[in-house]
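Positions 1 to 391 (the UniProt record's numbering) are the ones given, in order, by the sequence shown.
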Amino acid sequence: MIVHEGHSSIVTSVAFPPDGKSVASGSRDMTVRMWDAQSPSPIGMPMSGPLGWVESISYSPLGNTIASGSQDSSIRLWDVDTGRQIGQPLENDQPFLSIAFSPDAKLIASGCGHHMGGSDNSAYSVQLWDVQKRIAVANPLKGHSSAVVSVQFSPDGNRVASSSGDKTIRVWDVERGATVVGPLDKHTDWVRSTAFSSDGSQMVSGSCDRTLRLWDTRSGRTIGNPYDGHADWIHSVAFSPHGTYVVSGAKDKTIRLWDIRTGRQVELFKEHTNWVYSVAFSPCGQYVASGSADCKVIIRNITRQYPDASNSLGPQIINSQMSTQQIFDCLVGAGCADLSSQMDTKQETAMIASGGGFGDIWKGKLHDGGKVAIKAWRTSTLGQCDYKTLK
Numbered sequence: 001m002i003v004h005e006g007h008s009s010i011v012t013s014v015a016f017p018p019d020g021k022s023v024a025s026g027s028r029d030m031t032v033r034m035w036d037a038q039s040p041s042p043i044g045m046p047m048s049g050p051l052g053w054v055e056s057i058s059y060s061p062l063g064n065t066i067a068s069g070s071q072d073s074s075i076r077l078w079d080v081d082t083g084r085q086i087g088q089p090l091e092n093d094q095p096f097l098s099i100a101f102s103p104d105a106k107l108i109a110s111g112c113g114h115h116m117g118g119s120d121n122s123a124y125s126v127q128l129w130d131v132q133k134r135i136a137v138a139n140p141l142k143g144h145s146s147a148v149v150s151v152q153f154s155p156d157g158n159r160v161a162s163s164s165g166d167k168t169i170r171v172w173d174v175e176r177g178a179t180v181v182g183p184l185d186k187h188t189d190w191v192r193s194t195a196f197s198s199d200g201s202q203m204v205s206g207s208c209d210r211t212l213r214l215w216d217t218r219s220g221r222t223i224g225n226p227y228d229g230h231a232d233w234i235h236s237v238a239f240s241p242h243g244t245y246v247v248s249g250a251k252d253k254t255i256r257l258w259d260i261r262t263g264r265q266v267e268l269f270k271e272h273t274n275w276v277y278s279v280a281f282s283p284c285g286q287y288v289a290s291g292s293a294d295c296k297v298i299i300r301n302i303t304r305q306y307p308d309a310s311n312s313l314g315p316q317i318i319n320s321q322m323s324t325q326q327i328f329d330c331l332v333g334a335g336c337a338d339l340s341s342q343m344d345t346k347q348e349t350a351m352i353a354s355g356g357g358f359g360d361i362w363k364g365k366l367h368d369g370g371k372v373a374i375k376a377w378r379t380s381t382l383g384q385c386d387y388k389t390l391k
């Protein structure tokens with residue numbers, strides 16, 4: 001277990017970058033900090049600039065930028081390498097309670113409102129922002145009747161999930177700007193946090209009614225019974241990268257690990273001495289980071305007891321009987337970088353650079369203009385003539 005101390009107020013949000021080598025945290029001391037994920041050491045100086053509490057942070061999928069949403073009604077972008085603010089902030093007339101980057105890093109979704117009310121319903125909205133142009137995209141997504149405290153993009157970037165003090169969850173279509181699933185109203189109190197599974201088929205929610213619920217994101221139906229165990233408000237939930245486990249953090253000062261295959265709690269962590277505000281899985285699934293009102297960021301290894309929580313599944317043979325998703329999971333679990341969300345698929349930029357009997361090498365471009373080599377190979381099994389080509 002690694003304990004990071006340095007914030008002087010509540011740690012409201014924690015996030016891992018794509019490489020999992022560090023952890024970022026946002027705090028009501030009005031700073032964003034970075035910490036080493038393997039040792040109790042800060043990285044660089046605190047990033048300061050907001051004039052209000054930092055309520056939410058999000059790492060760009062490219063790993064080079066951190067966004068912070070604040071009570072001063074601003075979203076600020078920070079350069080990971082220099083620790084400096086990038087350009088002017090995105091501004092609104094309401095506090096930003098939750099923010100999230102899209103998988104292609106081109107958009108930021110935000111949830112607005114006041115924790116304690118005091119606004120008309122039109123202020124309780126989800127807004128999409130163009131990161132490059134620093135402007136709002138289209139009109140706010142309206143429907144909630146209380147503060148929007150959680151937003152997250154689906155893995156394919158086509159939908160946004162939001163949850164609110166109105167006790168509901170909504171799933172929005174990004175292109176149409178309309179609710180496509182919900183409002184989901186099974187919780188009996190504020191829904192503080194939502195998270196998609198890695199394939200986007202499921203979603204978990206955590207509520208002030210002290211329960212977690214698992215949802216089918218297409219039908220909007222609940223899966224199984226509510227997860228009971230916390231003794232107070234649940235502030236934050238997260239899915240493991242491999243989709244087997246869910247982690248939750250709550251006002252009862254605990255973090256709990258749940259196996260979604262059984263719906264049961266499998267581990268209880270009591271390291272914090274005050275409310276737990278935020279939890280996050282590392283990209284490899286091996287670690288869980290948490291931020292608390294005790295001003296600490298704690299990183300713990302959970303795979304010693306539960307190895308299935310990690311994508312590191314050991315050597316596996318890839319064959320043509322496996323689905324593309326299964327093959328992809330094996331590659332990511334073996335340490336291959338997932339750049340799929342960063343590929344610029346809207347331009348005809350990919351071309352074959354080399355070819356051979358086992359596959360081809362392509363070259364293409366990322367959204368940020370960077371060049372990338374793409375290995376494509378054919379897999380087959382003994383006694384079969386069919387094959388798959390995987391890039």
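Cβ atoms here follow ideal geometry from the backbone N, Cα and C, with glycine treated the same way.
Query	Result
Taking only runs of the beta strand (DSSP E) that begin and end inside the region 53 to 122, which ones reach a length of at least 3 residues, in chain order?	54 to 59, 65 to 70, 74 to 79, 96 to 101, 107 to 112
Hey, does Ser25 have any beta-carbon neighbour from chain D nearer than 9 Å?	No chain D appears in the structure shown, which is made up of a single protein chain.
For a quick check, are the C-beta atoms of residue 406 and Val171 less than 9 Å apart?	The chain is shown only over 1 to 391; residue 406 falls outside these bounds and no answer can be derived.
How many angstroms separate the CA atom of Ala238 from the CA atom of Ser207?	13 Å
I'd like to confirm the pairing. Which residues does DSSP put opposite Val131 in its beta bridges?	Paired residue(s): none; Val131 is not in a bridge.
I'd like the ranges of any beta strand (DSSP E) spanning at least 3 consecutive residues and lying wholly in the region 256 to 314.	264 to 269, 276 to 281, 287 to 292, 296 to 301
If the criterion is Cβ atoms closer than 9 Å, does the pair Ser48 and Thr31 meet it?	yes
Have a look at Arg134, Phe281, Ser150 and flag the residue whose alpha-carbon is nearest the alpha-carbon of Ser110.	Ser150
Is the beta carbon of Ile10 sitting closer than 9 Å to the one on Trp190?	no
To the nearest angstrom, report how far apart Gln71 and Ala373 are at their CA atoms.	42 Å
First and last residue of the beta strand (DSSP E) that includes Thr222?	Element bounds for Thr222: n/a, residue is neither H nor E.
Output needed for Asn158: all residues of its chain with C-beta closer than 6 Å, excluding positions within five of it in sequence on either side, in chain order.	Val174
Per DSSP, which residues does Tyr245 bridge with? Please list them.	Asp259
Would you mind stating whether Val297 and Val3 have Cβ atoms separated by less than 9 Å?	yes
Thinking Thr194 and Val180 are a contact (beta carbons under 8 Å), I'd like their distance in whole angstroms, please.	No, Thr194 and Val180 are not in contact; Cβ-Cβ is about 15 Å, not under 8 Å.
Please state the DSSP three-state secondary structure of Leu212.	strand
How should Phe358 be labelled, buried or exposed, when 16 other C-beta atoms within 10 angstroms of its C-beta is the threshold for buried?	Because the pLDDT at Phe358 is just 49, under 50, the model does not fix this residue reliably, and the value given afterwards should be weighed accordingly. With fewer than 16 Cβ atoms within 10 Å of its Cβ, Phe358 is classed as exposed.
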